[in-house]
DNA sequence: GTAGGGTTAG
């Protein structure tokens, strides 16, 4: 509908254009119009001939107008013609004539009123809007109206707002809107101005006007058009102006709902997705239930969006409630709905429940709408099975897929299975599956490549991995950042830093852009290898590439630097962190504390602890470990024991094996073996498992006091607990037991492990 | 629906 057609339908104008037919009138006009029916009313006939005459007079160019006759026709009885007549005359002229006529009226009309000017000006605008290059003409007219202070009526403003908006003169549009009489500000004109305000990012102005419309008893409430573009605007983001917060979105949707205006199916789903993405699941659910209750159209997609959000929050209870609600309201679940539930169960390692849902979805007796599982659902299940080590069942499910029409295994299916066999160390089976892909004409992807490369790396076959990568490359497949990161990390882990660096260079050379993870991995590898200059070089490259250092990467560097006692550099790093707005975390503080503790700087360690607490960070078992270690190294086992007692009761951080090890080692070294033994008991009582280090410390202490029986007891316990001795254990025991002629016991000890290995 | 990464104490 054109703007003109819309105007024609609105009431005030119709009153001008049509004969008066008010039933309460007993005037002659009323009778005449009645008697004239069904023929055109006389009034209109009169108007028509009058208008035709005036228009005729206006046909020559302005200088040739018959001003006398014109004046006579227009103003002969001393009063101006009706607004309706002027409007209709003007609308029959072309743009330039209309403008001339308007100027003539302004100059000559004897009793000039705002309404007359406004109405005629509106007619000029209307003419302009239907001519070529209407945009420029309207803008010109707008400027003119300001220059000459011509008041704009609602119709004129309605025409001008979109035109001003189009060229970004949104402030002017708002001024024009504000000048309209409040009682005329109908929904249509409000829609126009709000739309422009939103378009140009003037969110606050828009929301303010919207609020007026959304009031409970608003005179001009929102309509479906309002809803349409407001909901649309709520979905867009990152455009000019401030962001509309999720809370505002929720509030608006609710208020629209109170006026019976709801987002359409698609927008509802998108709004819900947006809310869910930002953690506003409760709001998303509220909106969904609102629409359901108002009997709006809700389809599975909207419910699926909420189900996804609930799944992410691990809220299985409400997932079930929503599905029950869907059933009640006859909202048919689709494959995606089942996929979400199955995926949730698989990711929570509840694979058997996932399989139950799967069996029910198309075969269950109580389901009115059977849904065929699709490839994605099969793949989800196969991945779920593989992730809990049931890759054989995964294989069976793949066979079952082949039996279902249109559900052939694809690349993802194979990738999941290959990863499954990799994770349990069955590299050969993984490789066989890869070969099977070629036979089955399922193309491998870069993920297939990376999965196999990772499997080989994780099982100590880095060279095979490189070889395989090269083969794939000669087959035309390209690696990506993940491929290189996998290999780089693998080489770092075996301390082959040069090879790692070489791969990084290769990655750049072949035009594969490293991502942040690639940089982080190399930085970590270099730091751990003590090559801090190389590490900081890579840091500079990371920054050049536009990535940012995060707390973890700084921690890696700080740890590396403190291991090399480069304290000044550590402080430099801390300063840089602050400058870059990266807050030190618990691990940063723990790293610092353990460095100062190890180097005997107890006071500095305490200072770090104070700072950490003042930052609101909660000490962990590692924090206590560092502190206890510091006191032990200072020879103050009493204070160490005091902290040990405090940590479990006051701070509720239970000590772990490492804490006990520190204390037992220190006590044994100070010949307080009895106390160490009592800690061993405490470990048993508290269910903290001793490690090889624990036993080694204990054996050293016991040897000093020659407490053989106790040593034998611990040797038995090590065997029972399958706690493997290391070379230190063997050194202590061999030396001690040989010296006292108990080599038989030592032999049995070693044999015990052989037995446990063979039985396993 | 599938792949890669880095941090602290003995």
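Residue numbers (this note's numbering): 10 to 769.
Backbone N, C-alpha and C fix where the C-beta goes; we use that ideal spot for every residue, glycine too.
This one's a predicted model, so the numbers in the text were calculated from it and none came from an experiment.
Quiz item: CB-CB under 7 Å to residue 313, same chain, minus the five flanking residues each way: which ones, in chain order?
Solution: 345, 346 and 349
Quiz item: Are the beta-carbon atoms of residue 162 and residue 128 separated by less than 8 Å?
Solution: yes
Exercise. Could you tell me how far apart the beta carbons of residue 134 and residue 165 are, in whole angstroms, since I believe they sit closer than 8 Å?
Key: 5 Å
Quiz item: When the distance is taken between beta carbons, is residue 709 closer than 8 Å to residue 732?
Solution: no
Exercise. Would you grab the beta carbon distance between residue 274 and residue 306 for me? Rounded to a whole angstrom, and I think it's under 8 Å.
Key: 5 Å
Quiz item: What three-state label does DSSP hand residue 209 in the structure shown?
Solution: coil
Quiz item: Roughly how many angstroms lie between the CA atoms of residue 478 and residue 446, to the nearest whole one?
Solution: 17 Å
Quiz prompt | Same chain only: Cβ atoms within 8 Å of residue 1, ignoring 5 sequence neighbours per side | solution = The chain is shown from 10 up to 769; residue 1 falls before or after that span and cannot be answered.
Quiz item: What separation, rounded to the nearest whole angstrom, lies between the Cα atoms of residue 379 and residue 308?
Solution: 17 Å
Self-check item: residue 395 - DSSP class collapsed to helix/strand/coil
Solution: helix
Quiz item: Cα separation between residue 234 and residue 198?
Solution: 11 Å
Quiz item: Counting along the chain, where does the alpha helix (DSSP H) carrying residue 80 start and finish?
Solution: 76–84
Practice problem: Rounded to whole angstroms, what's the CA-CA distance from residue 751 to residue 702? Just pull it up for me. | Solution: 23 Å
Quiz item: Which word fits residue 366, buried or exposed, when buried means at least 16 other C-beta atoms lie within 10 angstroms of its C-beta?
Solution: buried
Quiz item: How many Å lie between residue 44 and residue 99 at the Cα?
Solution: Reliability fails at residue 44, whose pLDDT of 39 lies under 50, so the model's placement of it is uncertain and no value is given.
Exercise. Identify, in the order they occur along the chain, each residue of the same chain with its Cβ nearer than 7 Å to the Cβ of residue 459, setting aside the five sequence neighbours on each side.
Key: 491, 492 and 495
Practice problem: Please report the residue range of the alpha helix (DSSP H) in which residue 522 lies. | Solution: Counting along the chain, residue 522 falls outside any alpha helix (DSSP H), and DSSP gives it neither H nor E.
Practice problem: Round the Cβ separation of residue 297 and residue 264 to the nearest angstrom and send it over; I've been treating them as touching at under 8 Å. | Solution: Not quite, the Cβ-Cβ distance comes to about 16 Å (not below 8 Å), so this is no contact.
Quiz item: Grouping DSSP H, G and I as helix and E and B as strand, with all else coil, what is residue 178?
Solution: coil
Self-check item: Residues near residue 358 in its chain [Cβ-Cβ closer than 8 Å; skip 5 each side]
Solution: 393, 396 and 397
Quiz prompt | Residues near residue 501 by beta carbon distance below 6 Å, same chain, minus five either side | solution = 509 and 534
Quiz item: Enumerated in chain order, which unbroken segments of the alpha helix (DSSP H) with a length of 4 residues or greater are wholly contained in the segment 642–695?
Solution: 646–658, 666–678 and 682–695
Self-check item: Among 575, 613, 624 and 577, the one whose alpha carbon lies nearest that of residue 595
Solution: 624
Quiz item: Under a three-way DSSP split, which group does residue 30 fall into?
Solution: At residue 30 the pLDDT is 38, less than 50, meaning the model places this residue with poor confidence and gives no usable figure here.
Quiz item: Taking the alpha carbon of residue 461 as the point to measure from, which residue in 240, 239, 451 and 438 has its own alpha carbon closest?
Solution: 438
Quiz item: Going straight from the alpha carbon of residue 110 to that of residue 67, what length do you get?
Solution: 8 Å
Quiz item: Using a Cβ-Cβ cut-off of 7 Å (strictly less than) and excluding sequence neighbours within five positions of residue 40, which residues of its own chain qualify?
Solution: Note on residue 40: pLDDT 37, under 50, position unreliable in the model; the coordinate value appears next. Answer for residue 40: no residue qualifies.
Self-check item: Euclidean distance between Cα positions of residue 42 and residue 56
Solution: Only weak support is given to the placement of residue 42: the predicted model assigns it a pLDDT of 38, under 50, and the value that follows is read from those uncertain coordinates. About 14 Å.
Quiz item: Sorted by chain position, which residues of the same chain lie with C-beta nearer than 7 Å to residue 763's C-beta, five sequence neighbours on each side aside?
Solution: none
Practice problem: Measure how close the beta-carbons of residue 567 and residue 538 come, nearest whole angstrom, since I'm counting them as under 8 Å. | Solution: Actually they do not touch by this definition, with Cβ atoms about 16 Å apart.
Quiz item: Helix, strand or coil: how does DSSP classify residue 73 here?
Solution: helix
Exercise. Give a yes or no on whether the C-beta atoms belonging to residue 600 and residue 571 are separated by under 8 Å.
Key: yes
Quiz item: With distances taken from CA atoms, which of 604, 563, 574 and 569 is nearest residue 584?
Solution: 563
Practice problem: Express the C-alpha separation of residue 474 and residue 521 in angstroms, rounding to a whole number. | Solution: 18 Å
Quiz item: Considering only residues of the segment 312–338, which uninterrupted alpha helix (DSSP H) runs meet the minimum length of 4 residues and lie entirely inside it, listed in chain order?
Solution: 325–337
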